[in-house]
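Residue numbers (our numbering), protein chains in the order written: chain U, 1 to 329; chain C, 1001 to 1454.
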């Protein structure tokens, strides 16, 4: 008889693996991708495809060069690609999208040791770098699609329509909320559907909530961070402005929902305890509101998550549970 | 603060053999009985090569206080006494008996006279019974309690939380009378006020059976426990039944509890009733490679091969064979390995189920933290171990780990977390010994200096 395997227990395992988890995240991002391609047109798909291709390709090439085992099969690079694309305006030049993807994968993820080792969220950090490097294209919000244009015209008839470029320049809701443009806010219905200015994957609240719910049901993420994050933004803005309407718009605007469900729940860069996740979410919410209301940037979700990423190891350690029957050393 | 319920994992039950009455194995041709089937000093053989032995005859006496005597489960002739390699990796002397197939009973078998606590504990010691749930801790040592008043509750462990295994289930159904007699013995000789029978709720037949008996009894209760692995872990069971946490480095008795496995108790009761010592075991034979899974009663020392043959052999070549369940069981290198006192199951798996999953990088998902029944941080322990930081391992309380395997079971990156915890405990122990030696050296130096000054 041939040799039998002798290994340490346990000898069975549940079915979850890194790639099944990442696959669930990709599935959860699908509703937002579909919504985006309807709202912003097929270019949304093109930008996403470019980001995924360069994120996955970048990881493959980098690992080839440094002779590390190939990890593109775990699908985490693909997730980073989709998330970065969702944080870009649809009109972004493709080479800039490609550049951002390489920054996310190579600089933020691989140079720190690859999956699980990076302290900052690759997509968020790459977006911030792009915001600084390409500040004009990164803040040009356009509706190149006919459906969306019609919606925009309906929502704010006074907006100038540039027929020559077949696109509508549009301020994001957050800029309007700051009261600097005088433009009218999109209707709540449009906010929920996502027919508003913004990054290509962040606008449709319904699609993002659908994806978030899927991740919660599949237990890929826990409720702690999203609830704490969104709840803090809602409460804090309500305390400051005292208007329910205003707070609802704050929650539905910008990248809050995609941030709370998909970015502030990233495993490597957020705490691994329940209380830690609550603290992380509250911290993100506070920083987001501080930047949105008093900062010079209209949006603060990316900065808040990046700042809290830095605190993550300390939060994890501080909230580590006391082992059952543990005696203090 | 701890939540009322400890964490764990929902493992597949696969209790395929729960409904079948155990079948007795025809006497094997040869049995190999190792002298170390318990925690503590190995037993010392009292027979010589060539001696005739009978069923129930003492063949090895306890090698110390924490040890246990061993009896023969077959009649036959001692062929040899030689060292064999156990699956723990150590060499242990073993008595090899060639059977004569007669199964002649030893003439000296008689129920011991038990009238007080001392005689009760002595009888338990003589019975050769050890913790049959898997640990193999000599039962007499466990029952040697200094202050009887410190026992607030005896918990009968009928949780049987490992997948596949149903031998305890069968004990609770077929030998319920013996379990009950065991409870009465504990009440009589140890003045136990409260007996709790803890059974996972996936065994309703066992629960209702004991509930019926409890109706007319004083101080015995059944506690149906959620079927959540590792419910049958000693410290987990204590927490689930009386809500107390056993502190690190302490024993259950320090929180007023004694935990006895139901099959262990039945074996004790059987000896005190009949004088028949622990010489055979009901073993669950199952796993994807086994043709006809069933519960088999086999003499201790029976080679696993005979047991699998009795169950119709293999569907396909077994690639992994275990003593015990798939969560904590020990893999054996070959089928000559014998049934031990604490063997409650032997499982054989096909190649498909024996493939070792490829490990990948930790993604810090925190699943291991969320599922650890004792709220440890296995991922942090692994980091501290790989960075060789024993003092950090102490802070992380690696010694509390019971190696239940929940962390590794849920790990999406297939990290060898149980293996790391085992090794981390050794690292911590070595470090602590070193520290102690260093301290002693320092002290000696200082004292020498003082002497010089004088």
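The beta carbon of each residue, even a glycine, is placed where N, CA and C say it ideally should be.
Keep in mind that this is a model prediction, so the values were computed, not measured.
Cα separation between residue 100/U and residue 224/U? 30 Å
Whose C-beta lies closer than 6 Å to the C-beta of residue 304/U among residues of the same chain, with five residues either side of it excluded? 284, 287 and 288
Find the nearest neighbour of residue 1046/C within the set 1250/C, 1057/C, 1428/C and 1354/C, judged by alpha-carbon distance. Nearest C-alpha to residue 1046/C among 1250/C, 1057/C, 1428/C and 1354/C: 1057/C.
Partner residues on chain U for residue 1254/C, Cβ-Cβ distance less than 7 Å: Within chain U, no residue comes near residue 1254/C; the closest Cβ sits about 10 Å away, beyond 7 Å.
CB contact below 8 Å: residue 1034/C versus chain U: By the rule that beta-carbons nearer than 8 Å mark a contact, residue 1034/C does not touch chain U.
Give me the subset of the stretch 1317-1334 of chain C whose CB atoms are less than 8 Å from a CB atom of chain U, sorted by chain position. 1317, 1318, 1319, 1320, 1321, 1322, 1326, 1327, 1328, 1329, 1330, 1331, 1332, 1333 and 1334
Go to residue 1130/C, then tell me how far its beta strand (DSSP E) extends in each direction, as first and last residue. From DSSP, residue 1130/C is part of no beta strand (DSSP E); its letter is neither H nor E.
Against chain U, does residue 1369/C count as a neighbour if the rule is that its beta carbon must be under 8 Å from one of theirs? yes
What residues of chain C sit near residue 320/U, judged by a beta carbon separation below 7 Å? 1377
Under a CB-based cut-off of 8 Å, is residue 74/U close to chain C? yes
Output the distance between the C-alpha atoms of residue 1103/C and residue 1078/C, rounded to the nearest integer angstrom. Going by the C-alpha atoms only, they are around 14 Å apart.
Cβ atoms of residue 174/U and residue 88/U: under 8 Å apart, would you say? no
Tell me the rounded alpha-carbon separation between residue 84/U and residue 279/U. Roughly 25 Å separates the two Cα atoms.
According to DSSP, which residues form a beta bridge with residue 1223/C? 1198/C
Of all Cβ atoms in chain C, is any one closer than 8 Å to the Cβ of residue 304/U? no
Interface flag, residue 265/U vs chain C, CB-CB below 8 Å: no
Short check: CB of residue 310/U to CB of residue 119/U, under 8 Å? yes
Taking buried to mean at least 16 other C-beta atoms within 10 Å of its own C-beta, is residue 1180/C buried or exposed? buried
With burial defined as no fewer than 16 other Cβ atoms inside 10 Å of the residue's Cβ, what is the status of residue 1115/C: buried or exposed? exposed
I need the straight-line Cα distance from residue 60/U to residue 70/U, nearest angstrom please. 6 Å
Give the DSSP-derived three-state secondary structure of residue 1314/C in the structure shown. strand
Taking residue 54/U as the reference, give the member of 97/U, 308/U and 254/U with the closest Cα. 97/U
CA-to-CA distance, residue 276/U to residue 1418/C, given in whole angstroms: Spanning the two alpha carbons is a distance of roughly 25 Å.
Establish whether the CB of residue 1234/C and some CB of chain U are separated by less than 8 Å. no
Quick one: Cα of residue 1204/C to Cα of residue 1227/C, how far? 11 Å
Tell me, please, whether the CB atom of residue 1073/C is closer than 8 Å to any CB atom in chain U? no
Neighbouring residues, chain C, relative to residue 201/U (Cβ below 7 Å): Under the 7 Å cutoff, chain C gives no residues; its nearest Cβ is about 23 Å from residue 201/U.
Any chain C beta carbon closer than 8 Å to residue 324/U: yes
With a threshold of 16 other CB atoms inside 10 Å of the CB of residue 1261/C, please say whether the residue is buried or exposed. Residue 1261/C is classed as buried because its beta carbon has at least 16 other beta carbons within 10 Å across all chains shown.
In the DSSP assignment, find the beta strand (DSSP E) that holds residue 1079/C and state where it starts and stops. 1076-1085
Whole beta strand (DSSP E) runs in the stretch 1397-1439 of chain C with 3 or more residues, listed along the chain? Listed in chain order, there is nothing to give.
Under a Cβ-count criterion, where at least 16 other Cβ atoms within 10 Å of its own Cβ denotes burial, should residue 1165/C be classed as buried or exposed? buried
So the beta strand (DSSP E) residue 1384/C belongs to, where does it begin and stop? Per DSSP, residue 1384/C belongs to no beta strand (DSSP E); it is in the alpha helix (DSSP H), 1378-1386.
Candidates 237/U, 178/U and 214/U: which alpha carbon is nearest residue 262/U's? 214/U
Evaluate contact between the stretch 1023-1043 of chain C and the stretch 1329-1338 of chain C, counting only Cβ atoms and requiring at least three cross-stretch pairs below 8 Å. yes
What does residue 114/U touch in chain C if you count any residue whose Cβ is under 8 Å from its own? When 8 Å is used as the limit between beta carbons, residue 114/U is near these residues of chain C: 1361, in chain order.
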